[in-house]
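A.B. asks: As you go down the protein sequences, you meet chains S and R in turn. Residues 0 to 144 (numbering that gives the first Met the number 0) make up the first sequence, in order. Residues 0 to 105 (numbering that gives the first Met the number 0) make up the second sequence, in order. I have a structure here, written as structure tokens, and I will follow up with some questions on it.
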Amino acid sequence: MNIINDFKLTIDSKSVNEGFSRCAVSAFATQLDPTIEEISDIKMAVSEAVTNCIVHAYPQSVGKIYIHCSILEKNTLKISIRDKGCGISNVKQAMEPLFTTLGGERAGLGFAVMESFTDRISVRSIINKGTTVTMYKKIRGRAIL
Amino acid sequence: MPVKIMATEQRITAFLEGEIDHHSAPEIRNEIDDAIQMYKPKVLKLDYSDVTFMDSSGVGLVMGRYRALTPFGGKIIVSNLSYSVYKIMKLAGIEKIAKISQREEK
Ligand SMILES: Nc1ncnc2c1ncn2[C@@H]1O[C@H](COP(=O)(O)OP(=O)(O)O)[C@@H](O)[C@H]1O
Ligand SMILES: [Mg+2]
Chain S
0 MNIINDFKLT IDSKSVNEGF SRCAVSAFAT QLDPTIEEIS DIKMAVSEAV
50 TNCIVHAYPQ SVGKIYIHCS ILEKNTLKIS IRDKGCGISN VKQAMEPLFT
100 TLGGERAGLG FAVMESFTDR ISVRSIINKG TTVTMYKKIR GRAIL
Chain R
0 MPVKIMATEQ RITAFLEGEI DHHSAPEIRN EIDDAIQMYK PKVLKLDYSD
50 VTFMDSSGVG LVMGRYRALT PFGGKIIVSN LSYSVYKIMK LAGIEKIAKI
100 SQREEK
């Protein structure tokens with residue numbers, strides 16, 4: 000699919016950047032005239048993916064998180080969030096609702112949120128190389144209401 | 000401060016504010032847990048009227064407080080959720096451990 004508009008953002012894996020990254024993506028998405036509900040779906044999905052990079056990919060250190068966001072044809076937003084962290088040994092298991100390797104107060108629902116609040120998600124991961132989460136969401140927008 | 004706490008006999012109400020994520024959750028958690036230890040309430044009410052965003056870290060916050068209250072048989076009420084926070088609470092099945100309700104839309 001053709002890319003109509005596109006931006007890249009590299010941030011440090013610090014928790015203070017969670018708010019910044021989800022706001023950056025949702026601000027970019029406003030050109031598609033999303034509804035308030037679509038905006039909050041996008042914010043949640045981005046927040047989950049970025050938080051996973053911070054807490055799981057780089058547990059003991061600060062690494063880089065690479066966010067690449069594009070607008071494709073048919074009002075489709077593509078969001079890709081990549082890290083060069085520890086990777087996931089079993090992606091299928093990691094994506095199961097309530098599965099978490101951290102315990103504590105992680106709910107194990109990050110991937111479940113990303114899946115239900117976007118249209119499509121793909122996760123590619125290589126141990127000790129990193130993880131890329133790519134999500135697609137068609138913005139139906141306010142024009143239709 | 001992302002949370003204001005009001006305690007009366009047997010009941011704590013925590014008014015949460017702003018964005019609840021992995022960055023802000025620990026401070027909110029500590030404030031509420033201090034109050035739970037002090038008052039050992041029968042009811043903990045979490046008021047989301049002024050919450051503008053929440054992700055699954057906020058779900059963990061409710062589940063963790065549920066566990067903190069269980070030793071004294073306390074119950075949780077989760078109220079005034081925006082539609083999107085309600086959606087994620089439902090996805091998590093929070094209604095199985097707490098009474099949840101949405102905001103009145105103006
Ligand atoms: N970027 C990542 N790098 C390494 N591991 C990850 C990453 N994202 C997710 N994981 C793994 O997948 C599991 C499930 O993630 P998630 O559904 O977001 O739940 P939670 O973050 O609450 O543990 C995590 O516990 C972790 O083991
Ligand atoms: Mg997560």
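Each residue gets a CB set at the ideal place from its N, CA and C atoms; glycine is no exception. Since this is a predicted model, take the numbers as computed values, not measurements.
If you draw a straight line from the alpha carbon of F19(S) to that of S12(S), how long is it in whole angstroms?
C.D. replies: Using only the alpha carbons, I get a separation of about 12 Å.
A.B. asks: So for Q59(S), helix, strand or coil by DSSP?
C.D. replies: DSSP places Q59(S) in coil when its eight states are reduced to three.
A.B. asks: Is the CB of A91(R) under 7 Å away from at least one CB in chain S?
C.D. replies: Yes, its Cβ sits closer than 7 Å to a Cβ of chain S.
A.B. asks: Of all Cβ atoms in chain R, is any one closer than 7 Å to the Cβ of T34(S)?
C.D. replies: False, the Cβ-Cβ gap to chain R never drops below 7 Å.
A.B. asks: Any heavy atom of ligand 1 closer than 6 Å to the Cβ of G73(R)?
C.D. replies: Every heavy atom of ligand 1 is 6 Å or more from the Cβ of G73(R), so no.
A.B. asks: Short of 7 Å in beta carbon distance, which residues of its chain neighbour V84(R), apart from the five on each side in sequence? Order them along the chain.
C.D. replies: Same-chain partners within the cutoff: Y47, V50 and M53.
A.B. asks: Curious, which full-length alpha helix (DSSP H) runs of at least 4 residues does the region 38 to 97 of chain R contain?
C.D. replies: Whole alpha helix (DSSP H) segments, 4+ residues: 55 to 68 and 82 to 91.
A.B. asks: Please decide whether D33(R) counts as near chain S, where near means a Cβ-Cβ distance under 7 Å.
C.D. replies: Chain S, which has no Cβ nearer than 7 Å to the Cβ of D33(R), makes this no.
A.B. asks: Can you tell which of I11(R), G57(R) and S81(R) has the C-alpha that lies nearest to the C-alpha of I75(R)?
C.D. replies: Among I11(R), G57(R) and S81(R), the Cα nearest to that of I75(R) is on I11(R).
A.B. asks: What is the DSSP secondary structure of V122(S), counted as helix, strand or coil?
C.D. replies: Residue state, collapsed to three classes: strand.
A.B. asks: Go through its chain and collect everything with a Cβ distance to L68(R)'s Cβ below 8 Å, but skip five positions before and after it.
C.D. replies: Taken in chain order, the residues that qualify are I35, P40, L43, K74 and I75.
A.B. asks: For A6(R), report the span of its beta strand (DSSP E) as first-last.
C.D. replies: That run of the beta strand (DSSP E) goes V2 to T7.
A.B. asks: My understanding is that L80(R) touches R102(R), with C-beta atoms under 8 Å, so please give their C-beta distance in whole angstroms.
C.D. replies: L80(R) to R102(R), Cβ: 6 Å. Contact.
A.B. asks: Please find out if some non-hydrogen atom of ligand 2 comes closer than 6 Å to the beta-carbon of G109(S).
C.D. replies: The answer is yes for G109(S).
A.B. asks: Any Cβ of chain R within less than 7 Å of the Cβ of A56(S)?
C.D. replies: No, A56(S) lies away from the interface with chain R (no Cβ there is under 7 Å from its Cβ).
A.B. asks: Helix, strand or coil for S13(R)? Go by DSSP, reduced to three states.
C.D. replies: First, the residue type needs correcting, since residue 13(R) is Ala and not Ser in the sequence shown. Three-state DSSP puts A13(R) in a strand.
A.B. asks: Say the cut is 6 Å; is the CB of H22(R) nearer than that to a heavy atom of ligand 1?
C.D. replies: No - ligand 1 has no heavy atom lying nearer than 6 Å to the Cβ of H22(R).
A.B. asks: Which residues, in order along the region 8 to 28 of chain S, keep a beta-carbon less than 7 Å from a beta-carbon of chain R?
C.D. replies: Correct list: S14, V15, E17 and G18.
A.B. asks: Is the beta carbon of T133(S) closer than 7 Å to that of S46(S)?
C.D. replies: Not in contact: S46(S) and T133(S) (Cβ atoms no closer than 7 Å).
A.B. asks: Anyone know if the C-beta pair for I41(S) and A23(S) falls short of 7 Å?
C.D. replies: The answer is no: Cβ separation not under 7 Å.
A.B. asks: Suppose contacts are defined by Cβ-Cβ distances below 7 Å. Is N76(S) in contact with I138(S) by that definition?
C.D. replies: The question names Asn, yet the displayed sequence has Leu at residue 76(S). Result yes, Cβ atoms of L76(S) and I138(S) sit closer than 7 Å.
A.B. asks: Would you mind working out which of V77(R), E104(R), K86(R) and P1(R) sits nearest I96(R), comparing C-alpha positions?
C.D. replies: Measuring from the Cα of I96(R), the nearest candidate turns out to be V77(R).
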